[in-house]
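One structure is given below, encoded as structure tokens.
Numbering (the working numbering), first residue to last: 5 to 463.
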């Protein structure tokens with residue numbers, strides 16, 4: 005790190021003191037729709053996000069991922085950033101409609117070819133690919149047939165998983181099925197904030213969640229058959245949930261929220277059942293859960309990916325009845341997305357999951373800070389001290405969890421590069437690297453320098 009302003013010196017001393025096991029993986033994470041662009045290039049089909057972003061008013065700045073970071077054409081620049089930071093792993097997702105344009109049937113060879121080139125070059129650079137099969141860009145043709153509201157989508161996902169792994173599994177050793185099923189099920193089907201934009205409340209969130217988990221369960225054995233010896237997992241978005249007060253009604257609301265945010269997925273995947281309190285509370289809103297579904301979902305896994313950004317402080321309220329909760333932010337610092345910055349969330353989450361579910365390996369698959377869109381200073385540098393501090397604060401908490409015996413095997417910063425941030429468009433950014441929206445040139449920020457220093461020297 006060069007030309008460090010004086011206020012950053014104590015932070016750099018803390019970064020230099022961090023130590024992790026020699027085998028610990030440091031990486032960065034992205035997703036296909038948020039960075040690739042190439043919306044209709046080389047036979048790619050339309051996704052639900054291509055459709056959703058055409059609706060007036062749903063994206064805060066009216067933008068889309070049509071071009072995004074243009075990583076479909078500029079992927080060597082992304083690899084150069086990874087190399088500049090000295091990162092040994094790269095978590096990215098495949099675009100289902102780029103590989104299988106209609107979500108079923110014919111495979112797009114040019115789509116597979118894009119990922120072939122990316123993976124081959126990552127390996128030549130000494131960077132391990134860590135691949136997610138689904139990060140929210142469902143083929144629009146499947147949405148037209150019911151999307152995550154119908155069981156058939158789970159079967160189509162398993163077919164797609166087998167196609168992708170058969171093509172790429174000779175070089176990719178770490179696979180995750182779904183990224184954040186809570187988010188794409190609830191924000192896309194209960195709240196309407198994300199694609200496909202449905203506002204069907206608890207019924208929508210639970211129905212989409214169940215079919216997504218079925219898709220996971222169907223895909224796992226197909227992945228193992230296509231790539232024997234591969235490590236297979238799922239990525240869940242975890243919230244540490246605290247009640248807004250000690251009042252019984254707030255404690256009960258917090259338990260209800262935590263039940264659908266965390267336990268619905270963790271219990272299904274690791275215990276082979278949904279939580280009884282949520283089944284009873286939401287009985288009239290449940291999807292068709294068949295006798296064999298629980299065993300199908302609870303496939304043995306090699307690791308759990310945890311995306312952790314914040315604590316949720318929950319009290320009783322009117323949101324999403326019968327969950328009937330409200331979220332509050334305690335006094336303190338918040339991100340540009342109004343998420344509380346509370347680093348202890350990451351150690352609490354890790355220790356809780358280790359204690360209650362005991363996965364053999366855990367990866368922090370996303371963790372990062374949203375800020376308003378940044379611009380370089382007169383020296384051409386983006387000095388994002390707050391983001392650099394965020395990473396050091398949270399990595400200290402990861403180290404604390406490791407010391408307490410949690411089997412954390414790696415950490416992926418969200419995100420490699422400023423990109424299309426879903427409903428927030430380009431107004432809020434998480435990147436370790438700055439993206440010039442006109443030239444599409446990339447430039448490492450100060451946070452990327454600090455994170456790279458930890459990755460190179462902290463093991």
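Even for Gly, the Cβ is constructed at its ideal location relative to N, Cα and C.
- request: Taking residue 178 as part of the alpha helix (DSSP H), name the residues at either end of that continuous run.
  value: For residue 178, no alpha helix (DSSP H) segment is defined; the enclosing uninterrupted segment is the beta strand (DSSP E) at 178 to 183.
query: So residue 86 is in the alpha helix (DSSP H); what residue range does that whole segment cover?
result: 75 to 89
- prompt: With a CB to CB cut of under 8 Å and the five nearest residues on each side skipped, what residues in its chain are close to residue 193?
  reply: So the qualifying residues of the chain are 152, 153, 200, 202, 204, 208, 209, 211 and 212.
Backbone CA spacing between residue 304 and residue 316 [nearest angstrom]: 29 Å
message: Restricting to Cα atoms, I'd like to know which of 30, 280, 377 and 278 is closest to residue 432.
response: 377
task: Would you mind working out which of 68, 176, 309 and 284 sits nearest residue 42, comparing C-alpha positions?
output: 68
message: According to DSSP, is residue 274 part of a helix, a strand, or is it coil?
response: helix
field: Other residues of its chain near residue 50: CB distance less than 7 Å, five sequence neighbours each side excluded
entry: 101 and 144
For residue 253 and residue 39, the rounded distance between their alpha carbons: 43 Å
query: Given a threshold of 16 other Cβ atoms within 10 Å of its Cβ, counted over all protein chains shown, does residue 342 qualify as buried or as exposed?
result: So residue 342 counts as exposed.
query: Measuring CA to CA, which of 266, 256 and 250 is closest to residue 321?
result: 256
query: So, do the segment 403 to 423 and the segment 364 to 374 have three or more beta carbon pairs nearer to each other than 8 Å?
result: yes
Rounded separation between residue 299 and residue 189 - CA only: 21 Å
- request: Indicate whether residue 260 and residue 334 have their beta-carbon atoms separated by less than 9 Å.
  value: no
task: Return the CA-CA distance between residue 264 and residue 391, expressed in angstroms with no decimal places.
output: For residue 264 and residue 391, the distance between alpha carbons rounds to 30 Å.
message: Using the three-state DSSP reduction, which class does residue 440 fall into: helix, strand or coil?
response: coil
task: To the nearest angstrom, report how far apart residue 149 and residue 287 are at their CA atoms.
output: 26 Å
query: Is residue 163 near residue 226, with beta carbons less than 9 Å apart?
result: yes
- prompt: Thinking just about the alpha-carbon of each residue, which of 329, 330 and 347 is nearest to the one in residue 336?
  reply: Residue 336 has its Cα closest to that of 347, out of 329, 330 and 347.
- prompt: For residue 148, does the three-state DSSP call read helix, strand or coil?
  reply: In this structure, DSSP gives residue 148 a helical state, which the three-state scheme calls helix.
- request: Report the three-state DSSP secondary structure of residue 135 (helix, strand or coil).
  value: strand
task: Would you mind giving the Cβ-Cβ distance between residue 17 and residue 83, rounded to the nearest angstrom? I have them listed as a contact below 8 Å.
output: About 31 Å; that fails the 8 Å criterion.
message: Between 23, 165, 146 and 167, which has its C-alpha nearest residue 157's C-alpha?
response: 146
message: I need the straight-line Cα distance from residue 126 to residue 26, nearest angstrom please.
response: Residue 126 and residue 26: Cα-Cα distance of roughly 21 Å.
- prompt: Ends of the beta strand (DSSP E) at residue 322?
  reply: 307 to 323
field: Option nearest residue 351 by Cα separation, candidates 400, 340, 395 and 385
entry: Measuring from the Cα of residue 351, the nearest candidate turns out to be 400.
- request: Identify whether residue 96 lies in helix, strand or coil by the three-state DSSP scheme.
  value: strand
task: Quick one: using the 10 Å Cβ neighbour count with 16 as the cut-off for buried, is residue 7 buried or exposed?
output: exposed
message: If the criterion is Cβ atoms closer than 9 Å, does the pair residue 421 and residue 438 meet it?
response: yes
Per-residue burial, residue 241 [other beta carbons within 10 Å of its own, 16 or more giving buried]: buried
- request: Taking only runs that begin and end inside the segment 169 to 251, name each unbroken alpha helix (DSSP H) of 4 or more residues, in chain order.
  value: 205 to 230
- prompt: Is it the case that the Cβ atoms of residue 309 and residue 358 are separated by a distance below 9 Å?
  reply: Going by C-beta atoms, residue 309 is not nearer than 9 Å to residue 358.
- request: Could you check if residue 266 is buried or exposed, using at least 16 other CB atoms within 10 Å of its CB as the buried criterion?
  value: buried
field: Closest residue to residue 131 among 117, 96 and 105 (Cα-Cα distance)
entry: With distances taken between CA atoms, residue 131 lies nearest to 96 out of 117, 96 and 105.
task: Identify the continuous beta strand (DSSP E) that holds residue 330 and give its terminal residues.
output: 329 to 332
message: Between which residues of its own chain and residue 374 is the CB-CB distance below 6 Å, once the five residues before and five after are set aside?
response: 339, 340, 341, 432 and 434
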